[in-house]
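Peer 1:
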Amino acid sequence: MRMKIIYRYYEPDQGFEELQAQIYNDELKRNPQSAFGKASADQIKQRYINEKKDRLGVRYALDEQGHPLAYIQTTFTNSPPQTWIGYPWAMEHCPVEVQEFLYEEMLDYVLKKFPENEIVMGYFTETWKRQTEFAKNKGFLIKDKAFFYSLDTKEVNKDSNHEFTIRKGAIDDINILIDLCKNDSNIKEAFPNDEAWKSYFEDRVIPDNHVIMIFRDNLLVAAGAPLRGYVEDVIIVRFTAIRPGFEDTWKILLGEIALHCNDLSWDESLLFSSFTNGDLASKVAEDLGASLRDTQVLFVLPPR
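So in the numbering used here, spot 176 of the sequence shown is number 177, and the numbers just go up one at a time.
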């Protein structure tokens with residue numbers, strides 16, 4: 002008997018976040034190891050709030066009992082004008098035609114919504130065959146690679162051979178942190194406005210008391226913070242912001258974050274990444290004694 006499929010668009014507080022986490026985690030366990038671990042419903046919910054998610058840009062496939070089969074999501078950015086269309090993540094028993102339907106319907110939607118946008122898919126681990134082959138079969142080409150490094154914090158020594166001042170962030174630093182982030186082209190589009198940035202720092206980051214800030218004289222030139230428990234077995238750098246012209250502070254910042262983790266007796270490795278400057282990341286990793294943990298690929302759909 003042919004399976005009856007029910008398709009639903011995202012609605013907050015209707016349990017879709019739990020279904021999405023279940024689907025993603027089922028797919029994750031069937032893939033080679035990645036830099037990231039399982040997703041949780043709370044993480045998905047918070048991300049959708051931050052992104053002000055277009056509910057028509059997220060669609061789910063359920064069986065007739067309401068059990069999850071697959072989902073696909075999209076994200077739109079203004080600078081650059083891009084549409085991020087997701088791989089249709091699916092449970093192991095999900096029919097392939099359900100994934101195909103979700104993708105084709107969503108592609109049609111995003112092409113009509115933002116016809117001039119560049120369409121990308123990723124990032125995901127380059128050894129994930131189902132995802133990479135799906136992207137290639139749909140006409141996508143590799144656009145970029147991101148590199149994730151694992152650092153043993155216990156192997157990091159204090160670097161005092163510089164002219165920068167380092168201190169921890171506090172609630173009064175929110176405005177200068179926002180200014181720094183908005184000057185870093187890599188993360189300036191992470192939130193849509195100052196209000197969202199303020200909420201991020203005021204409600205989530207500053208209260209954890211882990212923000213590390215680097216100053217040249219009175220100018221904030223770099224900042225970041227570790228986050229424990231978001232990803233299994235590692236501590237991630239939850240944000241990294243570098244002022245243009247001060248890229249050399251990245252190594253100092255990571256070293257200070259590692260030492261901060263040591264002070265807290267956090268024993269997991271520190272995970273940091275580069276999405277834009279592979280050469281610099283490789284040099285920083287070499288200097289700090291970090292090892293490459295994961296390489297992820299971003300695909301782009303050529304104009305039709």
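Note that the Cβ used here is the ideal one computed from N, Cα and C, for glycine as well. Because the structure is a prediction, the values reported are computed rather than measured.
What did DSSP end up calling PHE135 once you bin it into helix, strand or coil?
Peer 2: Within the sequence shown, the letter at position 134 stands for residue 135. It is helical.
Peer 1: So does the region 135–149 actually touch the region 185–196, counting three or more Cβ pairs closer than 8 Å?
Peer 2: Result no; under three Cβ-Cβ pairs closer than 8 Å.
Peer 1: Please determine if the region 203–223 and the region 175–184 are in contact, where contact requires at least 3 C-beta pairs separated by less than 8 Å.
Peer 2: Cβ pair count under 8 Å is three or more, so yes.
Peer 1: For LYS1, collect the residues of the same chain with a Cβ closer than 7 Å to its Cβ; drop the 5 residues on either side in sequence, then sort them by chain order.
Peer 2: Look at the range of the chain in this structure, 2 to 305, and you will see that residue 1 is not part of it.
Peer 1: Measure the CB-CB distance between VAL99 and LEU70 and report whether it falls below 7 Å.
Peer 2: Within the sequence shown, residue 99 is the residue found at index 98, counting from 1. Within the sequence shown, residue 70 is the residue found at index 69, counting from 1. Result yes, Cβ atoms of VAL99 and LEU70 sit closer than 7 Å.
Peer 1: Thinking C-alpha only, which one of LYS114, LYS30 and MET4 is nearest GLY332?
Peer 2: No statement about residue 332 is possible, as the shown extent of the chain runs from 2 to 305 and does not include it.
Peer 1: Near HIS163, which residues of its chain fall below 7 Å by C-beta distance, leaving aside the five closest residues on each side in sequence?
Peer 2: Indexing the sequence shown from 1 puts residue 163 at position 162. Only ILE253 meet the Cβ criterion.
Peer 1: Nearest CA to the CA of GLU166: which residue from GLY140, VAL111, ALA224 and ARG131?
Peer 2: Working through the sequence shown from its first residue, we reach residue 166 at position 165. It is Thr, not Glu, that sits at residue 166 in the sequence shown. The shortest Cα separation from THR166 among GLY140, VAL111, ALA224 and ARG131 belongs to ALA224.
Peer 1: Go through its chain and collect everything with a Cβ distance to LEU29's Cβ below 7 Å, but skip five positions before and after it.
Peer 2: As a working note, residue 29 is residue 28 in the sequence shown. LYS39.
Peer 1: Mind checking whether LEU152 and ALA282 have CB atoms under 7 Å apart?
Peer 2: Walking along the sequence shown from the start, residue 152 turns up at place 151. Walking along the sequence shown from the start, residue 282 turns up at place 281. No.
Peer 1: Which residue from ASP64, GLY170, ASN26 and ASN118 puts its Cα closest to that of SER80?
Peer 2: Start at 1 with the first residue of the sequence shown, and residue 80 comes out as number 79. Of the candidates ASP64, GLY170, ASN26 and ASN118, the one whose C-alpha sits nearest the C-alpha of SER80 is ASN118.
Peer 1: Quick one: grab the DSSP three-state call for TYR25.
Peer 2: Within the sequence shown, numbered from 1, the residue matching residue 25 stands at position 24. Here TYR25 sits in helix by DSSP.
Peer 1: Roughly how many angstroms separate the alpha carbons of ARG244 and ARG3, rounded to a whole number?
Peer 2: Stepping through the sequence shown from its first residue, residue 244 is reached at position 243. Stepping through the sequence shown from its first residue, residue 3 is reached at position 2. If I take the Cα positions, the gap works out to 57 Å.
Peer 1: I want to know whether the region 253–265 touches the region 225–237 - three or more CB-CB distances under 8 Å.
Peer 2: As far as the Cβ criterion goes, the region 253–265 touches the region 225–237, which means the pair count is three or higher.
Peer 1: Is it right to say ASP195 is buried, meaning 16 or more other beta carbons lie within 10 angstroms of its own, or is it exposed?
Peer 2: For this step, residue 195 is matched to residue 194 along the sequence shown. Label assigned to ASP195: exposed.
Peer 1: Does SER292 come out as helix, strand or coil in the three-state DSSP assignment?
Peer 2: Sequence index remark: in the sequence shown, residue 292 carries index 291 (1-based). SER292 falls in the strand class under three-state DSSP.
Peer 1: Do ARG60 and LEU103 have their C-beta atoms within less than 7 Å of each other?
Peer 2: In the sequence shown, the residue the question calls residue 60 occupies position 59. In the sequence shown, the residue the question calls residue 103 occupies position 102. Yes; because the gap between Cβ atoms is below 7 Å, this pair is in contact.
Peer 1: DSSP three-state call for GLY225: helix, strand or coil?
Peer 2: For the purposes of this step, residue 225 is taken as residue 224 along the sequence shown, with counting starting at 1. Three-state DSSP puts GLY225 in a strand.
Peer 1: Please check the pair ASN32 and TRP129, which I expect to be a contact at CB under 8 Å, by giving their CB distance rounded to whole angstroms.
Peer 2: Along the sequence shown, one-based indexing puts residue 32 at 31. Along the sequence shown, one-based indexing puts residue 129 at 128. Indeed they touch by this definition, with Cβ atoms about 5 Å apart.
Peer 1: For ALA62, count neighbouring C-beta atoms within 10 Å of its own C-beta (all shown protein chains included) and say buried if the count is 16 or more, exposed if not.
Peer 2: To locate residue 62, count along the sequence shown from 1; it is residue 61. Flag for ALA62 reads buried.
Peer 1: Anyone know if the C-beta pair for GLU65 and LYS5 falls short of 7 Å?
Peer 2: Your numbering for residue 65 matches position 64 in the sequence shown. Your numbering for residue 5 matches position 4 in the sequence shown. In contact: GLU65 and LYS5 (Cβ atoms closer than 7 Å).
Peer 1: Give the single residue among ASN184, GLY67 and ASP160 whose Cα lies nearest to the Cα of LEU20.
Peer 2: The residue labelled residue 20 in the question sits at position 19 within the sequence shown. Ranking ASN184, GLY67 and ASP160 by Cα distance to LEU20 puts GLY67 first.
Peer 1: Beta-carbon within less than 7 Å of VAL212's beta-carbon, same chain only, minus the 5 sequence neighbours each way: which residues are those?
Peer 2: Mapped onto the sequence shown, residue 212 falls at position 211. LYS169, GLY170, VAL206, ALA224 and ALA226.
Peer 1: Could you check the C-alpha separation between ASP234 and TYR49 for me, to the nearest Å?
Peer 2: Counted from its first residue, the sequence shown places residue 234 at position 233. Counted from its first residue, the sequence shown places residue 49 at position 48. Whole-angstrom Cα-Cα distance: 25 Å.
Peer 1: Buried or exposed: where does PRO208 fall if 16 or more other Cβ atoms within 10 Å of its Cβ makes it buried?
Peer 2: Sequence index remark: in the sequence shown, residue 208 carries index 207 (1-based). With fewer than 16 Cβ atoms within 10 Å of its Cβ, PRO208 is classed as exposed.
Peer 1: Span of the beta strand (DSSP E) holding GLU119?
Peer 2: Residue numbering aside, residue 119 sits at position 118 when the sequence shown is read from its first letter. From DSSP, the beta strand (DSSP E) with GLU119 extends over 119–126.
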